[in-house]
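K.L.:
These protein sequence lines are chains A and B, in that order.
Residue numbering for the first sequence follows my numbering, starting at 1 and increasing by one per position.
Residue numbering for the second sequence follows my numbering, starting at 336 and increasing by one per position.
Got a structure for you, written out below as structure tokens; questions coming shortly.
Protein chains: 2
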Amino acid sequence: MKLTIKDIARIANVSPTTVSRVMNGKTEYVTQETQERVLKVIEETNYQPNQIARSLVTRETRTIGLVLPDIRNPFFTELSRGIEDYANQLGYFVILCNTDHKSEKEIQYISLLKDKYIDGLIVVSSLENPISHIKKITTENTPIVLIDHKANDEEINCVYFNNYQGGYLATKHLIDLGHKNIGCITGPLHVQSAVERFNGYKDALRDNNISFKDEFIFQGNYRYEDGIESAKYYKSIGVTSIFASNDLMALGANQKLAELGVKIPEDISIVGLDNITPIGISDSFLTTINQPFYEMGKTACSLLLDQLKGLIQTNKNIQFDATLVLGKSTAHPKK
Amino acid sequence: MKLTIKDIARIANVSPTTVSRVMNGKTEYVTQETQERVLKVIEETNYQPNQIARSLVTRETRTIGLVLPDIRNPFFTELSRGIEDYANQLGYFVILCNTDHKSEKEIQYISLLKDKYIDGLIVVSSLENPISHIKKITTENTPIVLIDHKANDEEINCVYFNNYQGGYLATKHLIDLGHKNIGCITGPLHVQSAVERFNGYKDALRDNNISFKDEFIFQGNYRYEDGIESAKYYKSIGVTSIFASNDLMALGANQKLAELGVKIPEDISIVGLDNITPIGISDSFLTTINQPFYEMGKTACSLLLDQLKGLIQTNKNIQFDATLVLGKSTAHPKK
DNA sequence: TATCTTATTGAAACCGATTTCAGAAACCGA
DNA sequence: TCGGTTTCTGAAATCGGTTTCAATAAGATA
């Protein structure tokens with residue numbers, strides 16, 4: 001039979017009130033002696049208070065919800081570890097919810113989480129207009145952090161990556177190596193991140209007096225297959241280098257170009273963006289732009305918990321920088 | 336201000352008891368008319384009952400705990416999706432806990448989860464003797480499923496992969512292709528799964544009258560680097576094929592052998608084991624043995640929830656079969 | 001018509017903690 | 001010695017549901 005606070009009170013010959021006080025460290029008005037007596041009983045009986053009963057009155061569950069498209073995506077896996085590690089350190093649990101990019105699933109999950117009285121919510125949203133939707137279904141005072149989204153003003157907490165800078169740096173690297181004919185495999189251009197990466201590419205060209213050429217652009221969809229598909233095209237038009245808007249497409253292009261007899265990086269240099277290193281594989285072949293997923297998760301979680309504890313009041317927008325990671329897939333163009 | 340069951344009762348002009356009955360479908364003794372009245376009020380006020388208060392009396396949280404070494408490991412990522420999908424379908428939440436293979440972290444997590452009154456627990460344990468440890472810290476009647484572990488009798492629920500069969504099939508495939516000099520990169524031999532895979536290798540040789548040679552064995556640690564390291568050795572002793580006890584080592588060996596000028600599969604065939612396909616990359620190069628992680632997770636979760644609902648009483652041990660996945664890394668040996 | 005079921009509803013207890021508030025004891029200054 | 005603080009403790013209310021049990025009304029039976 002599970003012990004309750006009343007049992008402990010009876011055994012220690014005090015009231016439940018006192019037991020509660022001792023457990024919660026509100027001992028300023030409890031004598032050293034009774035305190036020790038209670039602690040001894042707790043120790044001996046190995047008593048653990050019922051967290052649900054606690055939650056009912058304290059209104060905190062020490063649990064946060066994490067809603068994201070698919071944990072199998074390496075970005076989100078890494079992100080989730082950043083979040084979980086930080087949360088665990090401060091005694092919080094994380095409930096994981098995969099939405100598979102489906103709006104209904106996302107809304108349903110968030111709504112269910114609300115009923116569960118989680119203390120906070122971290123969301124990588126797939127909704128058209130996440131802020132208004134999410135605010136509609138959550139309680140006024142639940143802290144929320146949106147990842148991979150940028151808000152105006154201080155509407156909501158946001159943590160996101162500087163995609164523009166990523167595209168810019170990748171392209172600049174190729175330019176610095178001496179490339180002038182630089183292809184660009186874009187992401188789906190109805191998605192904000194893809195547009196920004198593309199803008200980074202364009203601006204890097206402009207800033208270095210290289211004219212933008214439409215035929216150098218191949219529109220992809222962030223999939224490996226898009227990279228594969230682009231290969232034949234790029235081989236035929238003869239670029240000396242390619243900036244792929246994500247690593248998956250970069251790897252696809254690399255794979256197919258190699259099969260077509262194109263030497264990487266001698267004939268064509270390739271830069272990716274994301275830095276998704278397959279687990280355990282240390283030697284990185286691909287030159288790419290690092291996106292600090294783990295750090296972003298950690299920051300999102302710390303933002304959330306700070307707000308939870310009232311340490312900060314206003315919402316923040318935090319942007320993460322892109323950095324170049326040198327691999328073996330880029331080199332000077334051949335003369 | 337959040338509505339409570341009393342508010343609804345007042346508005347609908349009934350007692351909280353009746354509201355509760357209607358919400359829980361215990362309507363056999365509620366007239367159609369009052370039922371509709373209550374439902375209408377719930378609908379109009381958008382009332383959502385407080386799940387914590389419910390849990391306090393029903394003793395169920397509709398939440399299960401998932402404890403595993405590291406979600407970044409593709410096995411566990413896939414496993415977690417199998418679990419989460421199934422749990423979500425039945426209205427359960429999943430709390431994710433990474434132990435980083437540390438015993439203290441695992442024990443601490445399980446103990447904390449117990450206090451939280453989760454309904455069930457799924458564990459991929461890193462403990463020496465998981466069953467006795469886990470049973471010590473959990474309540475008598477919490478359903479538990481162990482993954483990647485095999486129990487005697489019906490001590491506890493287990494879901495695991497037939498590692499022996501995996502090693503056997505991989506080796507048999509090479510033998511069927513005509514190979515006789517078959518190297519084997521083992522896993523860490525203090526780990527059960529590694530021993531079983533190795534035994535599968537040995538028995539496949541024996542059953543086909545190929546003598547076991549000690550010099551064909553390279554002991555690894557399931558890491559990419561171990562594969563890299565083994566390459567020089569295998570090139571020097573001249574095997575025609577290699578069975579690597581996991582995909583990571585297979586990929587490492589492949590990488591390094593290719594660098595050393597060895598043609599795969601013409602000069603040396605390689606078989607892995609695990610079938611960890613990098614996300615989004617469809618064309619599989621490596622011939623390997625599939626381990627059905629997603630299915631295993633799903634089954635573990637269904638086992639847990641069935642037990643939770645009292646649908647099954649006895650504990651079960653469920654074994655999953657290995658299957659061969661043909662890639663481009665194996666071929667007949669050269670004459 | 002009197003009695004016995006059966007259908008319908010609600011008052012009150014309960015789950016197991018925290019928190020408010022009041023009372024008792026000890027201490028203190030005049 | 002006496003009123004006023006301060007220290008220590010516990011009774012009871014509370015959080016928001018579910019469940020038990022009793023009460024009432026309606027219908028059935030004899």
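Quick reminder that beta carbons are idealized off the backbone N, C-alpha and C, glycines included.
Report the three-state DSSP secondary structure of G82/A (helix, strand or coil).
P.N.:
helix
K.L.:
For the region 442 to 454 of chain B, which residues have a beta carbon sitting closer than 7 angstroms to at least one beta carbon of chain A?
P.N.:
D450, K451, Y452
K.L.:
Quick check on the burial criterion: 16 or more other C-beta atoms within 10 angstroms. Buried or exposed for G220/A?
P.N.:
buried
K.L.:
Please list, in chain order, the chain B residues whose beta carbon lies closer than 7 angstroms to that of V94/A.
P.N.:
I430, L431
K.L.:
What is the rounded straight-line gap between the Cα of E106/A and the Cα of E128/A?
P.N.:
12 angstroms
K.L.:
Which first and last residues belong to the alpha helix (DSSP H) in which F533/B is found?
P.N.:
527 to 542
K.L.:
Does the region 390 to 404 of chain B come into contact with the region 71 to 87 of chain A, if we say contact requires no fewer than three beta-carbon pairs (one atom in each stretch) closer than 8 angstroms?
P.N.:
no
K.L.:
In three-state terms, what does DSSP make of F243/A?
P.N.:
In the three-state scheme derived from DSSP, where H, G and I count as helix and E and B as strand, F243/A is classed as strand.
K.L.:
At a Cβ threshold of 8 angstroms, is A53/A touching chain B?
P.N.:
yes
K.L.:
Could you give the DSSP three-state label for Y234/A: helix, strand or coil?
P.N.:
helix
K.L.:
Select from S438/B, Q383/B, F620/B the residue whose C-alpha is nearest the C-alpha of Y117/A.
P.N.:
Q383/B
K.L.:
Compute the Euclidean distance between the alpha carbons of D454/B and Y427/B, then round it to the nearest angstrom.
P.N.:
9 angstroms
K.L.:
Per the DSSP calculation, L401/B is bridged to which residue(s)?
P.N.:
L431/B, I457/B
K.L.:
Under 8 angstroms, do I387/B and A635/B count as touching if we go by C-beta distance?
P.N.:
no
K.L.:
Please confirm whether E266/A and A331/A have their CB atoms less than 8 angstroms apart.
P.N.:
yes
K.L.:
Helix, strand or coil for S55/A, going by three-state DSSP, please let me know.
P.N.:
helix
K.L.:
Measure the C-alpha to C-alpha separation of G272/A and F293/A and round it to an integer number of angstroms.
P.N.:
16 angstroms
K.L.:
Leaving aside the five residues before and after A258/A along the sequence, list all residues of the same chain whose C-beta is less than 7 angstroms from its C-beta, in chain order.
P.N.:
Excluding sequence neighbours, A258/A sits near I264.
K.L.:
Tell me which residues share the same chain as T31/A and place their Cβ nearer than 8 angstroms to its Cβ, disregarding the 5 neighbours each side in the sequence.
P.N.:
Answer for T31/A: no residue qualifies.
K.L.:
Quick check: the region 208 to 222 of chain A against the region 177 to 196 of chain A, are at least 3 beta-carbon pairs closer than 8 angstroms?
P.N.:
yes
K.L.:
What is the residue span of the alpha helix (DSSP H) that T186/A lies within?
P.N.:
Looking at the DSSP string, T186/A is not in any alpha helix (DSSP H); the run it does join, the beta strand (DSSP E), is 182 to 186.
K.L.:
Can a CB atom of chain A be found closer than 8 angstroms to the CB of S438/B?
P.N.:
Against chain A, the CB of S438/B has no partner CB under 8 angstroms away; the residue lies outside that interface.
K.L.:
Please confirm whether Q383/B has its beta-carbon closer than 8 angstroms to some beta-carbon of chain A.
P.N.:
Interface residue (Cβ-Cβ distance to chain A less than 8 angstroms): Q383/B is classified as such.
K.L.:
Under a three-way DSSP split, which group does F320/A fall into?
P.N.:
strand
K.L.:
Given I346/B, which residues of its chain have a CB within under 8 angstroms of its CB, disregarding the five upstream and five downstream residues?
P.N.:
Correct list, in chain order: V376, T380.
K.L.:
Specify the secondary structure class of V480/B as computed by DSSP and reduced to three states.
P.N.:
strand
K.L.:
For the beta strand (DSSP E) containing Y160/A, name the first residue and the last one.
P.N.:
157 to 161
K.L.:
Given a threshold of 16 other Cβ atoms within 10 Å of its Cβ, counted over all protein chains shown, does S193/A qualify as buried or as exposed?
P.N.:
buried
K.L.:
Residues of the region 392 to 409 of chain B with a CB closer than 9 angstroms to any CB of chain A: list them in chain order, please.
P.N.:
R394, T396, R397, T398, G400, L401, D405, I406, R407, N408, P409
K.L.:
List, in chain order, every chain B residue whose beta-carbon is nearer than 8 angstroms to that of T77/A.
P.N.:
I406, R407, T412
K.L.:
What's the call for Y536/B, buried or exposed, on a 16-neighbour Cβ count within 10 Å?
P.N.:
buried
K.L.:
For a contact defined as C-beta to C-beta under 8 angstroms, what are the partners of S415/B on chain A?
P.N.:
I71, L96
K.L.:
If contact is defined by three or more beta carbon pairs under 8 angstroms, each pair taking one atom from either stretch, is the region 309 to 329 of chain A in contact with the region 284 to 291 of chain A?
P.N.:
yes
K.L.:
List the whole-angstrom C-beta distance separating K157/A from L303/A, where the pair is believed to meet the contact cut-off of C-beta under 8 angstroms.
P.N.:
As written in the sequence, residue 157/A is Asn, which differs from the Lys given in the question. With 8 angstroms as the limit, N157/A and L303/A qualify as a contact, their Cβ atoms being about 5 angstroms apart.
K.L.:
Going by beta carbon distance, what residues of the same chain come within less than 7 angstroms of K570/B, once the five residues before and after it are set aside?
P.N.:
The beta carbon of K570/B sits closer than 7 angstroms to those of L592, L595, V597, all from its chain and outside the five residues before and after it, given in chain order.
K.L.:
Using C-beta distances below 8 angstroms, list every residue in its chain close to R372/B, excluding the 5 sequence neighbours before and after it, in chain order.
P.N.:
A347, N348, V349
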